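Peer 1: What the sequence shown shows, in the working numbering, is residues 233 to 533, in sequence order.
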Amino acid sequence: RTWHNDLLDIDIPDRSNPTCVHRWQPSPGSVLKPVFAVEGLVQGFVDGHEYEICSGHYGSGWNRISCDCRNRWQPQSLQKALRYSCNSYFGQLGQQLTFEGLQRALLRFGLLAGTDNNIRVLGLRVDPPGPVPRERRSLLQRSIGYGWRMPPILLARAYAALGTGRLPPLQIVARVDGEAVDRPPSTPLDVGDDVLDRVRRGMIDVPLSDGTARHAGLQGDRVAAKTGTAEVLGKAANNASFAGYMPWDAPRLAFCITFWETPPKIHGGDFPARALAIFLRSLEQRPALHAMLFGDGVRPR
Numbered sequence: 233r234t235w236h237n238d239l240l241d242i243d244i245p246d247r248s249n250p251t252c253v254h255r256w257q258p259s260p261g262s263v264l265k266p267v268f269a270v271e272g273l274v275q276g277f278v279d280g281h282e283y284e285i286c287s288g289h290y291g292s293g294w295n296r297i298s299c300d301c302r303n304r305w306q307p308q309s310l311q312k313a314l315r316y317s318c319n320s321y322f323g324q325l326g327q328q329l330t331f332e333g334l335q336r337a338l339l340r341f342g343l344l345a346g347t348d349n350n351i352r353v354l355g356l357r358v359d360p361p362g363p364v365p366r367e368r369r370s371l372l373q374r375s376i377g378y379g380w381r382m383p384p385i386l387l388a389r390a391y392a393a394l395g396t397g398r399l400p401p402l403q404i405v406a407r408v409d410g411e412a413v414d415r416p417p418s419t420p421l422d423v424g425d426d427v428l429d430r431v432r433r434g435m436i437d438v439p440l441s442d443g444t445a446r447h448a449g450l451q452g453d454r455v456a457a458k459t460g461t462a463e464v465l466g467k468a469a470n471n472a473s474f475a476g477y478m479p480w481d482a483p484r485l486a487f488c489i490t491f492w493e494t495p496p497k498i499h500g501g502d503f504p505a506r507a508l509a510i511f512l513r514s515l516e517q518r519p520a521l522h523a524m525l526f527g528d529g530v531r532p533r
């Protein structure tokens, strides 16, 4: 919950390391794009910069990325690049930011090791996130979410920060031997609402009629989110993710849903986004749980 810093649920895959309560996500993919978008706006690399129209790929040789977004051969903007998840746009933005800028973006949102002591959570092991050790990735690939590793729980926390402007700590243990555990305070992102609102507008478009999660059935749920599809196992499978917060106008719940090693044609806007829709429809039949998550009188729809 974005306002209580509560960790409500972790689903542990069967193949997970039993010493951890999460499994590494070696390449989060496009769910990192909103994080990089914030840094691009802060550093002045969005307004006044003309980015090439997406032609289905960008770069050359080893430093080349492909793109199958729905905005190919059309004028670009940050909002459209988030709505359609344009790799070409974010590759160009990453070139402006450089590797150091990508790191600054991850640092801001607690997605790089050594930036937040609250990663060491009582009752929860979360290993430090950051670049995948010894993995060789180009700058363009890193700009679209490859070559980094971080568990979904930290991505959910980052999206809570996108929605509220404050980075919450993780809280899993409420009491020890009957004594309440202090709740650490959230920390401000030190980013203006004007910057965050521009990124949020692109995320609001994602579940709507034209976005990458348009088929998930979330059009009426006031969800701001981003899809992510990372090729793994030598392109034999995908890690498909859907991360965001809701309601978009008054965030109460942040989430990151990941389906591990799905068939290659399954994307973040498929199973993960539909899983959220199924959860919300089920929640409508459970008033007490709904009230705990969203408050009395607040409806996703």
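Think of the CB as a built atom: it goes at the ideal place given N, C-alpha and C, for glycine as much as any other residue.
In this text the structure is predicted, and so the values were computed from the model without any measurement.
Locate the beta strand (DSSP E) running through Thr490, then write down its first and last residues.
Peer 2: Where Thr490 is concerned, the enclosing beta strand (DSSP E) stretches over 485-494.
Peer 1: How should Asp422 be labelled, buried or exposed, when 16 other C-beta atoms within 10 angstroms of its C-beta is the threshold for buried?
Peer 2: That one is exposed.
Peer 1: Grab me the residues of Tyr187's own chain with a C-beta within less than 6 angstroms of its C-beta, minus the 5 sequence neighbours each way, in chain order.
Peer 2: Summary: the structure shown does not reach residue 187, with the chain confined to residues 233 through 533, and so no result is reported for it.
Peer 1: Have a look at Leu450 and Ser298 and give me their C-alpha separation to the nearest angstrom.
Peer 2: Spanning the two alpha carbons is a distance of roughly 28 angstroms.
Peer 1: Suppose you measure from the CA of Ala472 to the CA of Asp300; what does that come to, to the nearest Å?
Peer 2: Approximately 16 angstroms between the Cα atoms of the pair.
Peer 1: Which term fits Arg374, buried or exposed, when burial requires 16 or more other beta carbons within 10 angstroms of its beta carbon?
Peer 2: Burial call: buried.
Peer 1: Based on Cα-Cα distance, which residue from Gln328, Val267, Gln517 lies nearest to Val427?
Peer 2: Out of Gln328, Val267, Gln517, Val267 has the C-alpha closest to the C-alpha of Val427.
Peer 1: For Pro496 and Phe526, what's the separation of their Cα atoms in angstroms?
Peer 2: The alpha-carbon atoms of Pro496 and Phe526 are separated by roughly 35 angstroms.
Peer 1: What separation, rounded to the nearest whole angstrom, lies between the Cα atoms of Asn295 and Gly326?
Peer 2: Roughly 12 angstroms between the two C-alpha positions.
Peer 1: Which complete beta strand (DSSP E) runs does the segment 410-472 hold, if anything under 3 residues is left out?
Peer 2: Segments of the beta strand (DSSP E) lying fully in the segment 410-472: 456-464.
Peer 1: Beta carbon of Leu343, beta carbon of Pro363: below 7 angstroms?
Peer 2: In this structure, Pro363 does not lie closer than 7 angstroms to Leu343 by Cβ.
Peer 1: Whose C-beta lies closer than 7 angstroms to the C-beta of Asp442 among residues of the same chain, with five residues either side of it excluded?
Peer 2: Cβ neighbours of Asp442 beyond the five flanking positions: Arg315.
Peer 1: Between which two residues does the beta strand (DSSP E) carrying His522 extend?
Peer 2: His522 -> not in any beta strand (DSSP E); alpha helix (DSSP H) instead, spanning 519-526.
Peer 1: Out of curiosity, what's the CA-to-CA distance linking Met524 and Thr490?
Peer 2: Rounded to whole angstroms, Met524 to Thr490 spans 24 angstroms at the Cα level.
Peer 1: Beta-carbon separation of Pro479 and Arg518 under 7 angstroms?
Peer 2: Taking 7 angstroms as the Cβ cut-off, Pro479 and Arg518 do not qualify as a contacting pair.
Peer 1: Using DSSP with H/G/I as helix, E/B as strand and the rest coil, what is Gly280?
Peer 2: Coil at Gly280, not helix or strand.
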